[in-house]
Amino acid sequence: MNVRVRGIYTTALTRLFLESGHDVVQASGPIRDRFDAEFESADHDVAIETTRDRQGVGVAGTPSAVEAATEHLVDLGLDTFDWDDPAPTGAVFDARVTETLGGGAICDLGETDGYLSYGDIDGRVEVGDEVRVQVSESSPPWADRRPDLTGEIRAIAGLATLEPGAEGVRVDTRDEAAARELAGMTDLLGGDPPDGWGIRWHRDAVDADMSALNDALDRAADIAAELDGVLDEPVDAPRAVASPTATTWVWFGRETRFELDEHRRAVETTMPGHHRTKAASPKASAGVDLAEALCSSAEDGEFPFDVVTAQFGPLEGDDVGIGHGKPDGRLIELGSGEVSERDPDGTIEVRRQMSGGGTYDALGVERDSGDVAVTKFREGRWWYPTVYRDSEGQVKGTYVNICTPVECFPDQIRYVDLHVDVVKHADGTVERVDDDELDEAVDAGNISEELAEKARSVASSLESALSN
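Mapping the sequence shown onto the UniProt record's numbering, position 462 (from 1) lands on 462, and the numbers just tick up by one.
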């Protein structure tokens with residue numbers, strides 16, 4: 001069967017189902033990177049998603065696929081429990097309104113009840129009314145919430161959904177070109193939805209091939225045909241009208257979570273108690289990601305810049321200061337700017353709007369109001385460049401500061417200036433400056449001769465590179 005997996009248990013469950021001979025489809029980027037396997041963009045028979053509280057997973061799809069997937073999950077550990085949902089997502093019920101609240105109504109479905117928002121039904125309902133509804137989102141039995149209901153009945157099937165009374169083709173993507181291409185391809189597919197049902201493709205359908213799209217449309221058409229046969233029947237609440245899909249909820253206990261750790265550890269660095277910790281909260285989950293990145297980097301000697309900054313900053317849009325340290329112990333604040341770009345390789349781009357007055361050091365050009373300084377700091381590098389432009393975008397010059405290895409902290413970029421610098425004027429002339437200040441710092445005992453030689457070496461390399 002084709003399995004789609006999402007949430008904090010994805011890596012472990014992907015391995016579980018691959019080892020069991022099933023196909024994992026619509027895999028995310030990180031999963032594609034971790035596994036030496038082919039992942040198709042095919043339609044799925046069953047979707048497994050982590051519950052909101054992270055305590056387990058919901059298993060939804062065709063009844064036979066849900067049953068098969070649940071058997072694999074229950075076998076993980078003694079403290080795994082599973083429950084069939086009496087109101088699975090996509091099921092259609094005739095419901096009786098038993099209570100009205102400020103924003104919606106409580107509806108009796110027979111075996112259970114659900115919540116119908118007034119915005120999801122055509123017209124207001126009152127106690128005693130009977131309405132035909134569909135489960136838009138089911139809920140695990142341990143959660144303190146009812147399944148959500150809607151008065152809009154649809155045929156939901158993986159990559160495709162059919163909507164009665166709709167026309168044409170819709171695609172859930174912001175990529176307009178991809179949407180137009182998929183809409184055009186739809187006319188070439190063999191599947192034909194029942195009359196009066198419009199097609200709505202889900203986002204993952206954009207990457208699917210013709211065969212997968214055909215399968216998805218055929219499956220949705222079968223569900224629509226099943227619903228077509230009952231939607232004209234009179235409402236007779238409470239009762240189940242149609243349940244083309246099934247949903248099972250699986251609760252993972254502590255032993256099961258540690259068994260999932262073993263599956264994940266086979267393909268990725270995994271700390272003891274990975275899933276136990278991640279199940280606690282989003283903050284705990286982020287802490288696990290950081291800890292494992294640190295463990296992984298310890299093996300290859302690399303600092304996990306991307307993980308650290310993603311967790312703590314700075315991020316795009318943040319304001320960050322520039323802490324310009326001096327070898328004599330002073331710290332000069334060069335102001336702050338907005339992070340305009342953050343690259344996983346360790347680069348932070350900072351843009352600053354300059355005020356008028358004075359000149360730019362060593363460049364000898366006036367500093368005018370409206371000028372923009374764009375500085376690129378790269379974690380661990382012994383230098384950083386700043387390009388100054390006027391309000392029209394014309395380059396006024398580039399100033400390359402030689403310094404101790406840059407550190408990009410959440411609120412401030414930090415380093416110690418090593419005095420010697422390299423500048424490139426607007427006419428292309430390259431100049432090395434302030435060697436005398438470096439020599440004086442060495443004589444004063446503020447910079448060691450070894451460090452000074454490193455600064456001179458970096459300056460010489462930059463001078464040569466900028467001259468070419």
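Quick reminder that beta carbons are idealized off the backbone N, C-alpha and C, glycines included.
Keep in mind the model is a prediction, meaning the values are calculated, not measured.
With a cut-off of 8 Å, do at least 3 Cβ pairs link the segment 94-112 to the segment 63-82?
no
Quick one: is ASN2 buried, meaning 16 or more other Cβ sit within 10 Å of its Cβ, or exposed?
buried
Between HIS425 and the rest of its own chain, which residues show a CB-CB distance below 6 Å, the 5 nearest in sequence each way excluded?
GLY397
Would you mind listing the beta strand (DSSP E) stretches within the segment 308-362 that are 3+ residues and don't spill past its ends, in chain order?
319-325, 331-343, 347-353
Which whole-angstrom value is the C-beta distance of VAL374 and ARG342, which I expect to be below 8 Å?
By a beta-carbon distance limit of 8 Å, VAL374 does not contact ARG342. Their separation comes to about 14 Å.
Report the option in GLY104, TYR360, VAL57, HIS72 whose CA atom is closest to the CA atom of ASP85.
VAL57
Quick test of your reading: GLY321 and GLN412, contact by CB under 8 Å. State the CB separation rounded to the nearest angstrom.
Confirmed, Cβ separation roughly 4 Å.
Reference LEU159; option with closest CA among THR173, GLU152, LEU149
THR173
Would you report the Cα separation of ASP361 and ALA310, rounded to the nearest angstrom?
34 Å
Quick test of your reading: PRO88 and ALA246, contact by CB under 8 Å. State the CB separation rounded to the nearest angstrom.
5 Å
Just to check my reading of the structure: residue 525 and VAL59 have Cβ atoms closer than 8 Å, yes? What is that Cβ distance to the nearest angstrom?
Residue 525 is absent from the model: the chain starts at 1 and stops at 468.
Would you check if the distance between the CB atom of LEU162 and the CB atom of ALA155 is smaller than 9 Å?
yes
With distances taken Cα to Cα, identify the nearest neighbour of SER41 among HIS324, ASP207, ARG389.
ASP207
Please name the residue in GLU431, GLU226, ARG203, VAL423 whose C-alpha comes closest to that of GLU176.
ARG203
If we count the other Cβ atoms within 10 Å of its Cβ and call it buried at 16 or more, is ASN468 buried or exposed?
exposed
Have a look at the DSSP bridge pairing and note the partners of ASN401.
TYR384, ASP421
Kindly list the residues whose CB is nearer than 6 Å to the CB of ASP129, restricted to its own chain and excluding five residues on each side of it in sequence; keep chain order.
VAL97
Determine the extent of the alpha helix (DSSP H) in which ARG32 is found, giving its start and end residues.
29-34
Bridge partners for ARG170 per DSSP, in chain order?
ARG200
Quick check: ALA242 and ALA95, are their CB atoms within less than 9 Å of each other?
Result no, Cβ atoms of ALA242 and ALA95 do not sit closer than 9 Å.
Quick one: using the 10 Å Cβ neighbour count with 16 as the cut-off for buried, is PRO272 buried or exposed?
exposed
If we count the other Cβ atoms within 10 Å of its Cβ and call it buried at 16 or more, is PHE187 buried or exposed?
Reading off the sequence shown, one finds Asp at residue 187, where the question assumed Phe. Looking at its Cβ environment, which holds fewer than 16 other Cβ atoms inside 10 Å, ASP187 is exposed.
Near SER281, which residues of its chain fall below 7 Å by C-beta distance, leaving aside the five closest residues on each side in sequence?
none
Rounded to whole angstroms, what's the CA-CA distance from LYS278 to ARG257? Just pull it up for me.
10 Å
Using only CA atoms, which one of ILE121, ALA91, PHE93 lies nearest to GLY104?
It is ILE121.
Which class does PHE377 belong to by DSSP, given the choice of helix, strand or coil?
strand
THR14, DSSP secondary structure in three states:
helix
ILE447, enclosing beta strand (DSSP E) - first and last residue:
No beta strand (DSSP E) contains ILE447, which DSSP labels as neither H nor E.
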